[in-house]
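K.L.:
There are 2 protein chains.
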Amino acid sequence: MALIVQKFGGTSVGTVDRIRAVSGIIAKTQRAGHDVVVVVSAMAGETDRLINLAGALSVEPSARDYDALISTGETVSAALLSIALQEQKASAIALTGEQAGIFTTDNHRRASITHINAEIIRNYLSKKTIPVITGFQGVNSIGEVTTLERGGSDTSAVAIAAALKADECQIYTDVDGVYTADPRVVPDVKLLELLTYTEMLTLANLGAKVLHRQAMEFAERHHIQLRVLSSFHEGEGTMIVVGEKNPPPRVSGIAIDPHQLQFSFLGIPSDQSTLDQLMQALEGIAFAKDMTMQNHLPTEDCFDCVFTTREEDAQAAILFSRALANTLKARELKIDEGRAKVSLVGLNMAAHPEFSAKIFQTLGEQQIPIYLITSTEAKISVLTDVAHAAQATKLLHTAFALNCEGAQSLAGCS
Amino acid sequence: MALIVQKFGGTSVGTVDRIRAVSGIIAKTQRAGHDVVVVVSAMAGETDRLINLAGALSVEPSARDYDALISTGETVSAALLSIALQEQKASAIALTGEQAGIFTTDNHRRASITHINAEIIRNYLSKKTIPVITGFQGVNSIGEVTTLERGGSDTSAVAIAAALKADECQIYTDVDGVYTADPRVVPDVKLLELLTYTEMLTLANLGAKVLHRQAMEFAERHHIQLRVLSSFHEGEGTMIVVGEKNPPPRVSGIAIDPHQLQFSFLGIPSDQSTLDQLMQALEGIAFAKDMTMQNHLPTEDCFDCVFTTREEDAQAAILFSRALANTLKARELKIDEGRAKVSLVGLNMAAHPEFSAKIFQTLGEQQIPIYLITSTEAKISVLTDVAHAAQATKLLHTAFALNCEGAQSLAGCS
Chain W
-15 MALIVQKFGG
-5 TSVGTVDRIR
5 AVSGIIAKTQ
15 RAGHDVVVVV
25 SAMAGETDRL
35 INLAGALSVE
45 PSARDYDALI
55 STGETVSAAL
65 LSIALQEQKA
75 SAIALTGEQA
85 GIFTTDNHRR
95 ASITHINAEI
105 IRNYLSKKTI
115 PVITGFQGVN
125 SIGEVTTLER
135 GGSDTSAVAI
145 AAALKADECQ
155 IYTDVDGVYT
165 ADPRVVPDVK
175 LLELLTYTEM
185 LTLANLGAKV
195 LHRQAMEFAE
205 RHHIQLRVLS
215 SFHEGEGTMI
225 VVGEKNPPPR
235 VSGIAIDPHQ
245 LQFSFLGIPS
255 DQSTLDQLMQ
265 ALEGIAFAKD
275 MTMQNHLPTE
285 DCFDCVFTTR
295 EEDAQAAILF
305 SRALANTLKA
315 RELKIDEGRA
325 KVSLVGLNMA
335 AHPEFSAKIF
345 QTLGEQQIPI
355 YLITSTEAKI
365 SVLTDVAHAA
375 QATKLLHTAF
385 ALNCEGAQSL
395 AGCS
Chain C
-15 MALIVQKFGG
-5 TSVGTVDRIR
5 AVSGIIAKTQ
15 RAGHDVVVVV
25 SAMAGETDRL
35 INLAGALSVE
45 PSARDYDALI
55 STGETVSAAL
65 LSIALQEQKA
75 SAIALTGEQA
85 GIFTTDNHRR
95 ASITHINAEI
105 IRNYLSKKTI
115 PVITGFQGVN
125 SIGEVTTLER
135 GGSDTSAVAI
145 AAALKADECQ
155 IYTDVDGVYT
165 ADPRVVPDVK
175 LLELLTYTEM
185 LTLANLGAKV
195 LHRQAMEFAE
205 RHHIQLRVLS
215 SFHEGEGTMI
225 VVGEKNPPPR
235 VSGIAIDPHQ
245 LQFSFLGIPS
255 DQSTLDQLMQ
265 ALEGIAFAKD
275 MTMQNHLPTE
285 DCFDCVFTTR
295 EEDAQAAILF
305 SRALANTLKA
315 RELKIDEGRA
325 KVSLVGLNMA
335 AHPEFSAKIF
345 QTLGEQQIPI
355 YLITSTEAKI
365 SVLTDVAHAA
375 QATKLLHTAF
385 ALNCEGAQSL
395 AGCS
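In order, the protein sequence lines correspond to chains W and C. The numbers in our numbering rise by one with no breaks, and the one at position 384 of the first sequence is 368. The numbers in our numbering rise by one with no breaks, and the one at position 111 of the second sequence is 95.
#1: At a CB distance below 7 Å, what residues from the stretch 219 to 231 of chain W approach chain C? Give them in sequence order.
#2: Note down, in chain order, each residue of its chain lying with its Cβ closer than 6 Å to the Cβ of W/His99, except the 5 sequence neighbours on either side.
#3: How about C/Pro399: is its C-beta nearer than 8 Å to some C-beta of chain W?
#4: Using a Cβ cut-off of 8 Å (strictly closer), state whether C/Arg211 contacts chain W.
#5: Could you tell me which of C/Cys153, C/Ala192, C/His381 sits nearest to C/Thr13, measuring between CA atoms?
#6: Helix, strand or coil, according to DSSP, for W/Tyr163 in the structure here?
#7: Nearest chain W C-beta to C/Gln14 closer than 8 Å, yes or no?
#8: Who are the near neighbours of C/Ala272 in its chain, counting only those whose CB is closer than 8 Å to its CB and skipping five residues on each side?
#9: If you compare alpha carbons, which of W/His243, W/Ile117, W/Arg4 is closest to W/Gln70?
#10: If you pair each beta-carbon of the stretch 325 to 333 of chain W with each one of the stretch 227 to 245 of chain W, do three or more pairs fall below 8 Å?
#11: Please list, in chain order, all residues of the same chain as C/Ala395 whose beta carbon is under 7 Å from its beta carbon, the five residues on each side excluded.
#12: When the Cα atoms are used, what is the spatial distance from W/Ser46 to W/His92?
#13: What do you reckon, are the CB atoms on W/Arg211 and W/Ile155 nearer than 8 Å?
#14: Would a check of beta-carbon distances place W/Thr131 closer than 8 Å to chain C?
#15: Excluding five sequence neighbours on each side, which residues of the same chain lie with their C-beta closer than 6 Å to the C-beta of C/Asp288?
#16: To be precise: take each residue of the stretch 250 to 269 of chain C, compare its Cβ to all Cβ atoms of chain W, and keep it if any distance is under 8 Å. Which residues remain?
#17: Going by beta carbon distance, what residues of the same chain come within less than 7 Å of C/Val225, once the five residues before and after it are set aside?
#18: Let me confirm a value: C/His381 is counted as buried when at least 16 other C-beta atoms fall within 10 Å, else exposed. Which label applies?
#19: At 8 Å on the CB atoms, spell out the chain W contacts of C/Ile67, in chain order.
#20: Compare the beta carbon distance of W/Ile352 and W/Ala376 with 8 Å and say whether it is the shorter of the two.
#21: Kindly give me the distance between the Cβ atoms of C/Thr31 and W/Thr56, rounded to whole angstroms, as I take these residues to be in contact under 8 Å.
#22: If we count Cβ pairs, one from each stretch, closer than 8 Å, do we get three or more for the stretch 52 to 67 of chain W versus the stretch 34 to 41 of chain W?
#23: If W/Asp138 and W/Leu(-13) are in contact, beta carbons under 8 Å, what's the gap, nearest whole angstrom?
#24: In angstroms with no decimal places, state the Cα-to-Cα distance between W/Arg94 and W/Glu128.
#25: Per DSSP, what are the beta-bridge partners of W/Asp19 in this structure?
#26: Give the secondary structure of C/Ile9 by DSSP, where H, G and I count as helix, E and B as strand, and everything else as coil.
#27: For W/Ala26, would you say it is in contact with chain B, using Cβ-to-Cβ distances shorter than 8 Å as the test?
#28: Give the C-beta separation of C/Val159 and C/Val194 to the nearest angstrom, bearing in mind that I take them to be a contact with Cβ-Cβ under 8 Å.
#29: At what residues does the alpha helix (DSSP H) containing C/Val370 begin and finish?
#30: Taking a contact to mean a Cβ-Cβ separation below 8 Å, would you say C/Ile302 touches C/Ser340 in this structure?
#31: Does the beta carbon of W/Leu178 sit closer than 8 Å to a beta carbon anywhere in chain C?
#32: Name the two residues that bound the continuous beta strand (DSSP E) containing C/Tyr156.
#33: Kindly indicate which three-state DSSP category C/Ala76 falls into: helix, strand or coil?
#34: Going along chain W in order, which residues have a C-beta closer than 8 Å to the C-beta of C/Ile354?
#35: Contact between the stretch 253 to 265 of chain W and the stretch 213 to 220 of chain W: three or more CB pairs below 8 Å?
#36: Say whether chain W places a C-beta atom closer than 8 Å to the C-beta of C/Thr457.
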């Protein structure tokens, strides 16, 4: 018998039919002998509906009343899910953040959970009653409803799991788990059974929206066993665990970002003051700079500098780059649109040059251009053309044997 | 400077535009130097939407979770109205029933307010902050949200007015106040400036849905000055006050119920046991019996009995009447559809036969049939045909000078 926290996102409880289906999942878990605590998001679209109502009345609504307003989305879905559970002959009770003893900082709209009175929840569990708790909200020291960051229901779930020392925190969503790549790009993707938080956070940095970042960081700190799975299809989903130190190197998945813009400053005079100016300028920019590289040319009296941004920052980046190229007296500023970043995500790859070698070899054989390559412990990213991105991803997916059951290694399919 | 409780119903806050308009009314009242406490219903349609969601999941949802669910309707409208008030540069705060200190009995769905911690509201008023309080809800002794009867926001408003000893409780709605008759029937109706609770409750018994009955009874008991007015048009509305003892007789308005069904038991043998059987049968019926009359015939060996019901109870009443006619050995049972009840509502009319006389005279002159006439202190009702109901109402409206400014008397227009 385990203690399991199950969190259901907005699409999982988006309609009464979905709520009924979800109540079946919960009741089944309880019937299997487990203690279940449920955390629930607002029905899909409801939070936006409430935000739009407030927005129609005020450009900057009072944060306190705004929280009172949008927290009702979760109150509704928790009550409905509790009612649905009772129809399944399960004992259940809907609890607001306040009723569940979830205390937060005093600030509104981006409050942080400070502590949870686990006794309240434990009392219900001891009576075999399933607490259905509103995610995304808590109560502050003066008894006012507060809300966390958008997507904060994940955080609520892991915080509750930590407070209860739960055996597992299951995040139900509308995908089956985490795949080795985007199934729309690579036909033979595999569902990953196990990922480390390091990899999951890296995927989140690359744009994966499966889990809320703050929730993952909290879960990792508290050594919570997390599982991402679908409320639409049965399955084991992807388990996320804290990785060991010095893990064996591996590739777990590939992410594509087809919205990159490349800025190349060519022939910058290579004196110290210019270098300082460049560094300062790159530190202070107001848009999100992505990949960066400096190439010192053999002549050593000048160098190149390349960085990329996402297309959404194009305007700011172009203005910045033109001014900077002037200041640095660069020979040429080249701006290339239509770049794509293909990232291998895994563990401990930077220390093993055979990963980069395999990338160069795989893409080189097919004349796929690599404009830039950067790496960290958990990822190696290559910049190529949008036109080549899907092909590059498919080739790398096969080269690193990600299409094999339980692969996650440098080896091919066994 | 007065202390005024302003309550806004669902249509008054049915859209963001309406909420903005209502915030203008409130802010204007405050700028006029008054202390204002606001009580608000859910946006029109919202409570039904929530009830339907619960109904789709369960035939008999848990009353506790049901209350948690439907109370969110008022939480939303209170937050939005508070936000709108802040846009008007007024200081405002949205309060749930619990936050406003409104305590109720423990039972759900039909809880009664037990007491109100007026200090909480007074504290906000002392800071010139407008408390915008959710109607229809409170908190019970174990900290759970409870809801009152449907329409209970009126009750919330008068209970708050009583707790604060407010100078006036204003019920804003989608009508301008109480009229002397239905404006669709009588073209020259007048808005009533002043009504007693006795008259208002009598109108409610006759189907007027302006104010919640329980709220009126509470307001009368606590001698609250109530005002019904429109949030759509400016105007003074209708003030409702506790009447004096032995008031001068008057007619204030006329109500029509065009959905009456007449049951006539003719020639019932006039012995004591039959009479007892009849009385018992009439006491125990499960549908709403309306007007009743017994006519003892001159022969005195048999009598007639007549009662009416509303059409919605037709089926039950017909079954009952056929069985009863058999039991009582009545010579004949006549069932007449298409009857209408026209009721004069006013004060102290039963003791003054000149009112009945004027009715008989007015309708008799135009050959309008009167099948039945019943009277209480506050009303005289006549049963006629649906086809004659509008004409009868217009004639009586003029005969009792209700089309004159400030009339409410037996006299004609001055």
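For every residue, glycine included, the Cβ atom is placed at its ideal position computed from N, Cα and C. Since we're looking at a predicted model, the values are computed, not measured.
P.N.:
Quick answer:
#1: Answer set for the stretch 219 to 231 of chain W: empty.
#2: Cβ within range, chain order: Phe87.
#3: Beyond the ends of chain C as shown, which are -15 and 398, falls residue 399 of chain C; an answer cannot be given.
#4: Residue contact check for C/Arg211 against chain W: no CB pair falls below 8 Å.
#5: It is C/Cys153 whose Cα lies nearest to the Cα of C/Thr13.
#6: Secondary structure of W/Tyr163 (DSSP, three-state): strand.
#7: With 8 Å as the cut-off, C/Gln14 does not count as an interface residue toward chain W.
#8: Cβ-Cβ distances below 8 Å link C/Ala272 to Thr293, Arg294, Asp297 in the same chain, with the five nearest sequence neighbours on each side left out; the list follows chain order.
#9: Measuring from the Cα of W/Gln70, the nearest candidate turns out to be W/Arg4.
#10: They touch, by the three-pair rule.
#11: Confidence is the limiting factor: at C/Ala395 the pLDDT is only 45, short of 50, which leaves the residue's position unreliable and the question unanswerable from this model.
#12: Each residue's alpha carbon lies about 9 Å from the other.
#13: Using a Cβ distance threshold of 8 Å, W/Arg211 and W/Ile155 count as a contacting pair.
#14: W/Thr131 is outside the set of residues whose beta carbon lies under 8 Å from a beta carbon in chain C.
#15: A distance below 6 Å between beta-carbons, with the five flanking residues on each side excluded, links C/Asp288 to the following residues of its chain, in chain order: Leu250, Asn279.
#16: Of all residues in the stretch 250 to 269 of chain C, none has a Cβ within less than 8 Å of some Cβ in chain W.
#17: Taken in chain order, the residues that qualify are Leu178, Thr180, Gln209.
#18: With 16 or more other CB atoms across the displayed protein chains lying within 10 angstroms of its CB, C/His381 is buried.
#19: What C/Ile67 touches in chain W: Ala38, Leu41, Ser42, Pro45, Ser46, Asp49, Tyr50, Leu53.
#20: Inclusion of W/Ile352 and W/Ala376 in the CB contact set at 8 Å is warranted, their separation being smaller than that value.
#21: Between W/Thr56 and C/Thr31 the Cβ distance is about 13 Å, and since that is not below 8 Å, they are no contact.
#22: The stretch 52 to 67 of chain W, when compared against the stretch 34 to 41 of chain W, does touch it at the 8 Å Cβ threshold.
#23: Between W/Asp138 and W/Leu(-13), the beta carbon gap of about 18 Å keeps them out of contact (Cβ cut-off 8 Å).
#24: About 14 Å.
#25: Its beta-bridge partners are W/Leu(-13).
#26: Under the three-state reduction of DSSP output, C/Ile9 falls in the helix class.
#27: Given the protein chain composition of this structure (W and C), no chain B is represented.
#28: Contact between C/Val159 and C/Val194 holds: CB atoms are separated by about 7 Å, below the 8 Å threshold.
#29: First-last of the alpha helix (DSSP H) with C/Val370: 370 to 383.
#30: Going by C-beta atoms, C/Ile302 is not nearer than 8 Å to C/Ser340.
#31: Not one chain C Cβ lies under 8 Å of W/Leu178.
#32: For C/Tyr156, the uninterrupted beta strand (DSSP E) run begins and ends at 152 to 157, by DSSP.
#33: Under the three-state reduction of DSSP output, C/Ala76 falls in the strand class.
#34: Neighbours of C/Ile354 across chain W, judged by C-beta separation under 8 Å, do not exist; the nearest C-beta is about 53 Å away.
#35: No, because fewer than three Cβ pairs between the stretch 253 to 265 of chain W and the stretch 213 to 220 of chain W fall closer than 8 Å, the two stretches do not touch.
#36: Residue 457 of chain C cannot be examined here, being either before or after the span of chain C that is shown, -15 to 398.
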